[in-house]
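The structure under discussion appears below in the form of structure tokens.
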Amino acid sequence: MYYPKEVLNQDLSKLRAQRKNLYPFFLTVGKTNIVAKDSLQNAKQLNPNSYQMQYNEVEGKQRSYEMEKMLPLVKQFYAALGQNDQAEAKKISQKLDTLSRTEKETIFRPFLEKYATSSPVSLAVLAQYANNETNISEVSSLFNKLNDKYQNLPTAIAIKESMEQQTTQARMEKATQVGQMALNFTQNDTAGHPVSLKDFRGKYVLVDFWASWCGPCRRENPNVVAAYQKYKDKNFTVLGVSFDQNKDNWLDAIHKDNLAWTQVSDLQYWDNAVGKIYGIQSIPANILVDPNGKIIAHNIRGEVLQGTLENIFANK
Numbered sequence: 001m002y003y004p005k006e007v008l009n010q011d012l013s014k015l016r017a018q019r020k021n022l023y024p025f026f027l028t029v030g031k032t033n034i035v036a037k038d039s040l041q042n043a044k045q046l047n048p049n050s051y052q053m054q055y056n057e058v059e060g061k062q063r064s065y066e067m068e069k070m071l072p073l074v075k076q077f078y079a080a081l082g083q084n085d086q087a088e089a090k091k092i093s094q095k096l097d098t099l100s101r102t103e104k105e106t107i108f109r110p111f112l113e114k115y116a117t118s119s120p121v122s123l124a125v126l127a128q129y130a131n132n133e134t135n136i137s138e139v140s141s142l143f144n145k146l147n148d149k150y151q152n153l154p155t156a157i158a159i160k161e162s163m164e165q166q167t168t169q170a171r172m173e174k175a176t177q178v179g180q181m182a183l184n185f186t187q188n189d190t191a192g193h194p195v196s197l198k199d200f201r202g203k204y205v206l207v208d209f210w211a212s213w214c215g216p217c218r219r220e221n222p223n224v225v226a227a228y229q230k231y232k233d234k235n236f237t238v239l240g241v242s243f244d245q246n247k248d249n250w251l252d253a254i255h256k257d258n259l260a261w262t263q264v265s266d267l268q269y270w271d272n273a274v275g276k277i278y279g280i281q282s283i284p285a286n287i288l289v290d291p292n293g294k295i296i297a298h299n300i301r302g303e304v305l306q307g308t309l310e311n312i313f314a315n316k
């Protein structure tokens, strides 16, 4: 293939023949010759450019490390799962996490420290470093070392957006931990009247995130109904927050499931404003708030919900 001129958007390109049959490469000015006998996975580039040589070097180290250190453990992990040995699977998973960290620090980081200002290959390497990385400050520090002209390329923008999302999620998770004061919110009920969480101050409130289209939510509803009926006269209530879009479906589910407590929704599906405040990424989900507005439990369902409430109201 012939690439006529150098453009700013230098990035990792891929030739793809099948879903998993691809060859990653970097284009520079001029002709790029890639040969493959039977599969792109075994392809080679004739006279690779300097960027390709950098990528091949780090990718080769990565492949060798993962084949030698990680693949045997991955096989052991799935064998443990197959035998339903959760304890062993957990131990192996922790070992894999440690190896992944070592890979990042001994293979990816040195490359980034060396080439962040001079090579677009650093973007591809940083994307791998950032994958499943929970220490956002480390990713941010490495990102800021990139040459300015690389920071607005598509891969860089994707990394930036991922960092922003994870930072927001971490902030939300910290704000909604047990012991924190529950964040107030206001949303309309089924009649269109505004309802705020603070309106329930003085009571134990289970803020229940659900939707009519959510099968697990609907299956959990009888358990929530039982808890409500048992403790509603003991200073306990439920406040439902629905992730529905269709009001008729929402109201129909409330009726069919006998949900007698206050229900609110902005009918914005996963963009529900309360869900955003609390960082809800899956439903069913809930938080239990005490009479002072403090979060005392979250994501309690089934027998755990019943046991938690029983402990609270045993002497009341």
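Residue numbers (UniProt numbering): 1 to 316.
Every residue, glycine too, gets a C-beta built ideally from N, C-alpha and C.
Helix, strand or coil for residue i? Go by DSSP, reduced to three states.
i           : result
Trp250      : helix
Val29       : coil
Pro72       : helix
residue 322 : Only positions 1 to 316 of the chain appear in the structure, and residue 322 is not among them; the question remains open.
Lys37       : coil
Asn152      : coil
Lys145      : coil
Asn21       : strand
Glu133      : coil
Ala89       : helix
Ala116      : coil
Glu103      : helix
Counting only beta-carbon atoms, is residue i nearer than 7 Å to chain C?
i     : result
Glu59 : Among the chains in the structure shown there is no chain C, since it carries only a single protein chain.
Count the other CB atoms within 10 Å of the CB of residue i; is the residue buried (16 or more) or exposed (fewer)?
i           : result
Tyr78       : exposed
Glu105      : exposed
Val74       : exposed
Phe236      : buried
Gly307      : exposed
Pro284      : buried
Ile157      : exposed
Pro72       : exposed
Val125      : buried
Val304      : exposed
residue 319 : Here the chain covers residues 1 to 316 and nothing more, so residue 319 does not appear.
Val35       : exposed
Asn131      : exposed
Gln263      : buried
Val178      : exposed
Can you round the beta-carbon distance between residue i and residue j to whole angstroms, since I take them to be within the 8 Å contact cut?
i      : j      : result
Thr155 : Ala127 : 6 Å
Ser39  : Asn56  : So it is not a contact: roughly 17 Å between Cβ atoms.
Leu288 : Leu183 : Leu288 to Leu183, Cβ: 14 Å. No contact.
Ile107 : Val58  : 6 Å
Phe200 : Val274 : That pair is no contact at about 14 Å.
Query raised in the report: So, do the stretch 116-124 and the stretch 138-155 have three or more beta carbon pairs nearer to each other than 8 Å?
Result: Cβ pair count under 8 Å is three or more, so yes.
Query raised in the report: Which runs of the beta strand (DSSP E) fall wholly inside the UniProt domain "Thioredoxin" (176-316) and span at least 3 residues, in chain order?
Result: Segments of the beta strand (DSSP E) lying fully in the UniProt domain "Thioredoxin" (176-316): 186-188, 194-196, 204-210, 236-242, 262-264, 285-289, 295-298.
Query raised in the report: Hey, is the stretch 79-95 in contact with the stretch 47-54, meaning 3+ C-beta pairs nearer than 8 Å?
Result: No: fewer than three Cβ pairs fall under 8 Å.
Query raised in the report: If you pair each beta-carbon of the stretch 188-195 with each one of the stretch 268-283, do three or more pairs fall below 8 Å?
Result: A contact is defined here as three or more CB-CB pairs under 8 Å, and the stretch 188-195 fails this definition with respect to the stretch 268-283.
Query raised in the report: Per the contact definition of three or more C-beta pairs closer than 8 Å, is the stretch 238-245 in contact with the stretch 201-218?
Result: Cβ pair count under 8 Å is three or more, so yes.
Requested in this report: Please confirm if the stretch 213-225 is in contact with the stretch 256-264, defined as three or more CB-CB distances below 8 Å between the two stretches.
Outcome: Yes, the stretch 213-225 is in contact with the stretch 256-264.
Query - alpha helix (DSSP H) runs wholly inside the stretch 42-68, at least 4 long, in chain order - result: Listed in chain order, the alpha helix (DSSP H) elements of length 4 or more contained wholly in the stretch 42-68 are 50-65.
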